[in-house]
């Protein structure tokens, strides 16, 4: 039987709902964060994403705001009503991150960071576990077992691209992982087309494809001004592009038996999906 | 400007139409071929596929019926009204195949078989060129140039999976190739989810994903009795599974701005897409 | 200018010396460890390897002896005179491991575990940094910068195989990484043919190849009874096989301008390389 | 029992001998060809390589001299006493190439060009079959069976690199293929470090590594003026670099139980390996 993971009061992933998590790659400034948070909330995202501990290839790159970024995320969460997902890299930071974020993300570079997996397994928070770029699906499922074994069964898996030989894309988004995971595991699975392609112009097509393949949701990077982003700007959608994509996805997901989950579902007085006005969010 | 390739009188690929090519991996017997041909025609496929010159890894495997298979394909084409696509491997066979088939397929193993590319480039028939399992998208586009340079600009590209490290699937279906090709080339592009996954149970999800990614069509293996197929039975859909998938796809493609192309479009008295009865083809 | 990393008093890597590190994948029992330690010391290894914190794909697999294993390693080090290299996975364990081991290994799964890299960077101990299975050489060099930046410039790199598509070997040992790293970095580089192939019968050929390619040393798994090993027995050499390989390597390395480094170099009264008797170590 | 393939009168591959095949990627002019041919003969190569039918990614690249190039190769062969290996791409050219060349090469792009494999299988000439960039070792062995099945059992296999994700090298040279092939097949196997790395500065290290891994020989590109080469100049050694490498290899191969095979072995009055003067060929 498929598992449903409760992400926040009134919001679950893994059943009928299609959950879009969106936001900037990295939290940079309050203004940029709030602009994006308001936009993705208005466009119908259910979860706000944003990185404060950034796993960067080079130590000379921007490493994230750390704890002060967490506080900004918490503020943006209160402002928009959206629960927040953010990455934790260090087992010593897990308690801190769990205080401020609704969902703990373990990134692809840490998929087999077993001390970290055990630490998030000891929390109550749902965990978003991303597939490593060289990990087989079975290795991803074994990694999830490290979390489950500690008592936390609120695990959401995420396909985000594997290494390939073609420089046309940064990674090869392995969408077949979605139906394979559904055959092998009861855990929900979402897709990250932003990292999976590394190129904003490819994100809408791959986001639609992921939805059509049966994914339980998406993780999408959005930035108010991608050209000045401190991290991965090349793959971030602009707010209007995200709104356009969200509108397309809202029409698509019912065809694969899903319902669009809004952060609205969390509160009580926001418009329901049926009355949601596509026109209002079109660019 | 995007190119539209005329596949048969009244049937083009690369514009608004979404073209599904379906049929057995290999032509085996008249009875099996006709059963599948009738099924895929009834379910709304636009083109009948079937292999008669089979590129098999081992010389001990079934190598295809050769010319007698071509005659069966031609008969199935007349019977159903569907144009036929079949693979040609040997430059010395190109004239023969072009006599009997509407579309010449160059398989992934021959993507850089340059004498063969030149030979199909000298024909008038449209050519379906499949991406090699280790070929970059740019290498695929260069291979197409070998055909174009000989004067045949009716080339349709096909993504069919690249080599990956995870034994969960036979290949990694690189769906991002669809939007990348559309950015780099005017040629239409279809997707083969059967070879791209190697596993029938994954084909529907990947077929839907390909359509949502913007592909101009699909190449799908269907076999009346996959368990006795002489080639690649593991990845063939049964007729009822194909009909079910076709019904799903017919609802999906309008969402990405496409219209379903039927072989029916070729003749005159078959039901049009608007009156096509989904219920009639449900399993 | 190439950097030389001092591994222990009298033992450096990165200059003329060719340093072989050998021992069991995991420390299991005192008896098994000492048998292997004595063997590899006698055969001319310069460093003893052994895992006590094991990064295992599944949480149900043997996870290593932890601190009690460290004490056994320290005992084996005193017994043989060989310095010990062992993996550390958790930033919280770095101090503990640094107390007992001469060299800190960061495994391939943790190549981009940046908190761990920073923590070993704050130690004085040399660090053996293994390339991730999906990491480019430049990503490996950037990971090393995380260690260097903290003030520890005693970093030795290790090629141990990247993900490939052929199940004939567990990974693809990318030996060209050796000359590429030498072109791009002053850091020494060794090769792990045990993990790089996953198959003991392939280790001698790949060990010789690594030496011929110019590697500064090798990391080789040896087990007294591979068939009962709790971890990776399939890739472990038996003691006699290792002794045979060491004898071959000792003849080979002078051809590429290297000298065989013995643990003997550490002490004073062991035979020097010139008087070392090959016959004595032949199986 | 391991098979030995006779390449020319007095010259076999697959037993004790280590056979180096060297020459330009493409035959360009008589002068360039003869300069290289004389150099590689003097440095101790046993076979002259040179391409006249070139499989180029783009149709706009130099495609080779064709038949006139074959005549130049035949002339260079008479001049130096070295047998010639050259690629054939088109089954219709096999007879022509077999008239002028001692060894027929099937390139990596054509490893599964089954009509071509059958055609070279009907010749008496030895066939050099290169592994495809996405081919498993078992697929290579199956491809060889297409040749063997037609009656030609003089097949030499060649590892030349598989597709990988790291742009540091053009391909990943999979040297473990050498011992794996020796475990699975009696056929001899050589290595092409020029295509396998795509970079001349890496060729010597990988050539030595291939020899140390137990390869039966090498295929190496040499060009008198790489900077003006019409094809793959980036990976060609200069004559002096090749002579230096040959001298190194001549000292290395005895350590792995091999003897250096010279073209000299073909004639009678050239110096034998024992009296061959390394100094004479040093740059």
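Protein chains in written order, with this note's numbering: chain A, 350 to 632; chain B, 350 to 632; chain C, 350 to 632; chain D, 350 to 632.
Even for Gly, the Cβ is constructed at its ideal location relative to N, Cα and C.
Since the structure is predicted, the reported quantities are computational estimates derived from the model, not experimental observations.
(message) Strictly below 8 Å CB to CB, what residues from chain A border residue 513 of chain D?
(response) Within the fourth chain, residue 513 of chain D is the residue found at index 164, counting from 1. Residues of chain A passing the Cβ test: 514.
(message) Check for me: the beta strand (DSSP E) holding residue 477 of chain A runs from which residue to which?
(response) As a first step, residue 477 of chain A is located in the first chain; it is residue number 128 there, counting from the start. It spans 476 to 479 - the beta strand (DSSP E) in which residue 477 of chain A sits, taken as one unbroken run.
- Message: Nearest by alpha-carbon distance to residue 412 of chain C: which of C:584, C:452, C:377, C:493 is it?
- Response: Locating residue 412 of chain C in the third chain gives position 63, counting from the first residue. Comparing Cα-Cα distances from residue 412 of chain C to each of C:584, C:452, C:377, C:493, the minimum goes to C:377.
Q. In terms of residue numbering, what span does the beta strand (DSSP E) encompassing residue 435 of chain B cover?
A. Numbered from its first residue, the second chain carries residue 435 of chain B at position 86. Taken as a continuous stretch (DSSP letters only), the beta strand (DSSP E) holding residue 435 of chain B covers 433 to 436.
| query | How long is the line joining the alpha carbons of residue 609 of chain D and residue 368 of chain C, rounded to whole angstroms? | reply | As a working mapping, residue 609 of chain D is identified with position 260 in the fourth chain. As a working mapping, residue 368 of chain C is identified with position 19 in the third chain. Computed Cα separation, rounded: 29 Å.
_Burial state of residue 481 of chain A (16 or more Cβ within 10 Å)_ = Working through the first chain from its first residue, we reach residue 481 of chain A at position 132. Residue 481 of chain A should be labelled buried.
Delimiting residues of the alpha helix (DSSP H) encompassing residue 592 of chain B: In the second chain, residue 592 of chain B corresponds to position 243, counting from 1. Counting along the chain, the alpha helix (DSSP H) containing residue 592 of chain B begins and ends at 588 to 601.
- request: Would you list the residues sitting across from residue 507 of chain C in a DSSP beta bridge?
  value: Start at 1 with the first residue of the third chain, and residue 507 of chain C comes out as number 158. Answer is C:479, C:539.
Problem - chain A contact for residue 536 of chain B (CB, 7 Å cutoff) - result: The residue given as residue 536 of chain B occupies position 187 in the second chain. With 7 Å as the cut-off, residue 536 of chain B does not count as an interface residue toward chain A.
Open item on the list: Distance cutoff 7 Å, beta carbons only. Does residue 502 of chain A sit that close to anything in chain B?
Closed with: On the first chain, position 153 is the one that residue 502 of chain A refers to. Chain B contact via Cβ: absent.
> Would you say residue 523 of chain D faces chain C, with C-beta separation under 7 Å as the test?
Replying inline: The residue given as residue 523 of chain D occupies position 174 in the fourth chain. Cβ-Cβ to chain C under 7 Å: yes for residue 523 of chain D.
| For residue 558 of chain D versus residue 558 of chain C, is the C-beta distance shorter than 7 Å? | Translated into positions along the fourth chain, residue 558 of chain D becomes position 209. Translated into positions along the third chain, residue 558 of chain C becomes position 209. For residue 558 of chain D and residue 558 of chain C, yes; Cβs fall inside 7 Å.
What are the boundary residues of the beta strand (DSSP E) that includes residue 362 of chain A? Walking along the first chain from the start, residue 362 of chain A turns up at place 13. Counting along the chain, the beta strand (DSSP E) containing residue 362 of chain A begins and ends at 360 to 362.
*At a Cβ cut of 9 Å, what residues of the stretch 429 to 455 of chain C count as close to chain A, listed as they run along the chain?*
Per Cβ criterion, the list reads 438, 439, 440, 441, 442.
Exercise. State buried or exposed for residue 548 of chain B, treating a residue as buried only when at least 16 other CB atoms are found within 10 Å of its CB.
Key: To locate residue 548 of chain B, count along the second chain from 1; it is residue 199. Classification of residue 548 of chain B: buried, given that the 10 Å Cβ count is 16 or more.
Inset, instruction - Just the C-alpha distance for residue 495 of chain D and residue 400 of chain B, rounded to the nearest angstrom, thanks. - result: As a working note, residue 495 of chain D is residue 146 in the fourth chain. As a working note, residue 400 of chain B is residue 51 in the second chain. About 20 Å.
- On a CA-only basis, which of B:574, B:594, B:484 is nearest residue 509 of chain B? Give me that one, please. For the purposes of this step, residue 509 of chain B is taken as the residue at position 160 of the second chain. For residue 509 of chain B, the nearest C-alpha among the options comes from B:484.
task: Check whether the Cβ atoms of residue 431 of chain C and residue 379 of chain C sit closer than 7 Å, and answer yes or no.
output: Working through the third chain from its first residue, we reach residue 431 of chain C at position 82. Working through the third chain from its first residue, we reach residue 379 of chain C at position 30. No, the pair does not count as a contact, with Cβ atoms beyond the cut-off.
(message) Just checking: is the beta-carbon of residue 400 of chain B within a distance shorter than 7 Å of some beta-carbon in chain A?
(response) The sequence position of residue 400 of chain B within the second chain is 51, counting from 1. Under the Cβ distance rule, residue 400 of chain B does not count among the residues neighbouring chain A, no pair being separated by less than 7 Å.
| request: Starting from the C-beta of residue 353 of chain C, find all residues in its chain whose C-beta is less than 6 Å away, skip the five residues before and the five after it, and write them out in chain order. | output: What you label residue 353 of chain C is simply residue 4 of the third chain in a count that begins at 1. The beta carbon of residue 353 of chain C is closer than 6 Å to those of 361, 363, 364 in its chain, skipping five residues each way along the sequence.
| request: Determine the extent of the alpha helix (DSSP H) in which residue 555 of chain A is found, giving its start and end residues. | output: On the first chain, residue 555 of chain A is found 206 positions in, with the first residue counted as 1. 552 to 561 is the extent of the alpha helix (DSSP H) around residue 555 of chain A.
Note to self: For residue 615 of chain B and residue 359 of chain B, I'd like the C-alpha separation in whole angstroms.
What the structure shows: The residue you call residue 615 of chain B lines up with position 266 of the second chain. The residue you call residue 359 of chain B lines up with position 10 of the second chain. In this predicted model, residue 615 of chain B has a pLDDT of only 42, less than 50, meaning its place in the structure is not dependable enough to derive any value.
query: Are residue 453 of chain D and residue 433 of chain D close, meaning C-beta to C-beta below 7 Å?
result: Taking the fourth chain and counting its residues from 1, one reaches residue 453 of chain D at position 104. Taking the fourth chain and counting its residues from 1, one reaches residue 433 of chain D at position 84. Not closer than 7 Å, so no.
One question on the structure: do residue 530 of chain B and residue 564 of chain B come within less than 7 Å of each other, judged by their Cβ atoms? The count along the second chain starts at 1 and reaches residue 530 of chain B at position 181. The count along the second chain starts at 1 and reaches residue 564 of chain B at position 215. In this structure, residue 564 of chain B does not lie closer than 7 Å to residue 530 of chain B by Cβ.
Q | Cross-chain neighbours of residue 533 of chain B in chain D, by beta carbon under 9 Å | A | Taking the first residue of the second chain as position 1, residue 533 of chain B is located at position 184. Per Cβ cutoff of 9 Å: no residues; residue 533 of chain B is ~14 Å from chain D at best.
Could you check the C-alpha separation between residue 398 of chain C and residue 451 of chain A for me, to the nearest Å?
Sequence index remark: in the third chain, residue 398 of chain C carries index 49 (1-based). Sequence index remark: in the first chain, residue 451 of chain A carries index 102 (1-based). Rounded to the nearest angstrom, the two C-alpha atoms are 42 Å apart.
- alpha helix (DSSP H) runs contained entirely in the stretch 372 to 396 of chain D, provided each spans 4 or more residues: Runs found: 379 to 392.
*Pull up the DSSP beta-bridge partners for residue 370 of chain A, would you.*
Taking the first residue of the first chain as position 1, residue 370 of chain A is located at position 21. For residue 370 of chain A, which the question treats as bridged, DSSP gives the partners A:396, A:568.
Next item on the list: Answer with yes or no whether the minimum CB distance from residue 567 of chain C to chain D is below 7 Å.
Entry: Taking the third chain and counting its residues from 1, the one referred to as residue 567 of chain C is at position 218. For residue 567 of chain C, the answer is no, since every Cβ of chain D falls outside 7 Å of its Cβ.
Neighbour flag for residue 460 of chain A against chain B, beta carbons, 7 Å | Against the first chain, residue 460 of chain A aligns to sequence position 111. Judged by the 7 Å Cβ criterion, residue 460 of chain A is not in contact with chain B.
Counting only C-beta atoms, is residue 495 of chain C closer than 7 Å to chain A at any point? Position 146 of the third chain, counted from the start, is the residue given in the question as residue 495 of chain C. At least one chain A Cβ lies under 7 Å of residue 495 of chain C.
*Closest Cβ-Cβ distance between residue 486 of chain B and chain A: below 7 Å?*
Taking the second chain and counting its residues from 1, the one referred to as residue 486 of chain B is at position 137. Chain A, which has a Cβ nearer than 7 Å to the Cβ of residue 486 of chain B, makes this yes.
When you check each C-beta in the stretch 393 to 423 of chain B against every C-beta of chain D, which residues fall closer than 7 Å?
Taking 7 Å as the Cβ-Cβ cut-off against chain D, the residues of the stretch 393 to 423 of chain B that qualify are 404, 406, 407, 408.
Spell out the partners DSSP gives residue 355 of chain D in its beta bridges.
What you label residue 355 of chain D is simply residue 6 of the fourth chain in a count that begins at 1. Answer is D:361, bridged to residue 355 of chain D.
Euclidean distance between Cα positions of residue 443 of chain D and residue 583 of chain A: Looking up residue 443 of chain D in the fourth chain gives position 94. Looking up residue 583 of chain A in the first chain gives position 234. Going from the Cα of residue 443 of chain D to the Cα of residue 583 of chain A covers about 50 Å.
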